[in-house]
Amino acid sequence: MREIRFLDVYKRLFNHFGPRHWWPAETAFEVIVGAILTQQVAWRNVETAIANLKRRNVFDPVSLLAVPDEELWELIRPTRFFRQKAARLKDLCRVVMEGFDGDLSAFLAQEPNALRTRLLAIRGIGKETADSIVLYAAKQPVFVIDSYTHRIFSRLGLTTGSESYDALQEQFVKNLPRDVGLFNEYHALIVALGHHICLNRNPDCARCPLNELCRHGLSNPDAD
DNA sequence: GCCCAGGGGGCTC
DNA sequence: GAGCCCCATGGG
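Residue numbers for the first sequence follow our numbering, beginning at 3 and rising by one.
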């Protein structure tokens, strides 16, 4: 019942959008930096900031820690809240340096729950950011919840829309096979749907796959 | 000019 | 736990 519906939504989204190839990053370090910088900001601004960091040649834990705060602020200014985010980036780098000799892959190779707990202990890394890092950088099967997930699945009638982060995550985990590839693709597809003719701006868009899903009552996942 | 993006923390009640 | 404010850029 529920399990089929969560998978049906996935299938219909995948049929519509195709593979999303997430996370848009070349390295694990880039995933982590992007996950912090993307908080409450459009992704294009993150791309600008990452390009700035690469151009300045400070795109690794050691170099980034050596940049004076004022200079780091200017490099990541396009991502809003740049003073906070600069401190968060440095805190993360410091954890990797002090606990793992700067070995990022060793840091990410921890047992997933331990990694998540360690990430959550860093100020400025909450559940969504931590789970994004565990899923997309460490490639462990945790399901990432974001605001689109809350909005879309309550619109579909599968959830109430007022669940906590943990409760909604639990819904996905218990109704889907625990597969890192599926979790990776599903969250990316949810974001794609959220971006596509966004829910509040153009709810009547005839081509919106969300409305398509609603009209068909999620009953025919293979007919798209 | 106005709105809002791929959040999180701290505070209050 | 919910509600509110703070952080403070840039494109449509």
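For glycine and all other residues, C-beta sits at the position ideal for the given N, C-alpha and C.
Note that this is a predicted model, so its numbers are computed, not measured.
- Under the 8 angstroms Cβ criterion, the region 94 to 111 counts as touching the region 51 to 69, having at least three qualifying pairs.
- When the beta-carbon positions are compared, glutamine 142 and valine 175 stay at least 8 angstroms from each other.
- Below 8 angstroms, too few C-beta pairs join the region 148 to 155 and the region 31 to 50 to call them touching: fewer than three.
- Counting only the Cα atoms, aspartate 133 lies some 10 angstroms from threonine 119.
- Distance from isoleucine 124 to aspartate 148 at the Cβ level is roughly 19 angstroms; contact not present, criterion being Cβ atoms closer than 8 angstroms.
- Counting only the Cα atoms, histidine 197 lies some 15 angstroms from glycine 20.
- The alpha-carbon of leucine 137 is positioned some 31 angstroms away from that of proline 70.
- The alpha helix (DSSP H) runs of length 4 or more contained entirely in the region 62 to 124 are, from start to end of the chain, 63 to 68, 71 to 78, 84 to 102, 106 to 110, 114 to 122.
- Cα atoms of methionine 99 and leucine 160: separation of roughly 43 angstroms, rounded to the nearest angstrom.
- No Cβ-Cβ contact shorter than 8 angstroms links proline 80 with threonine 40.
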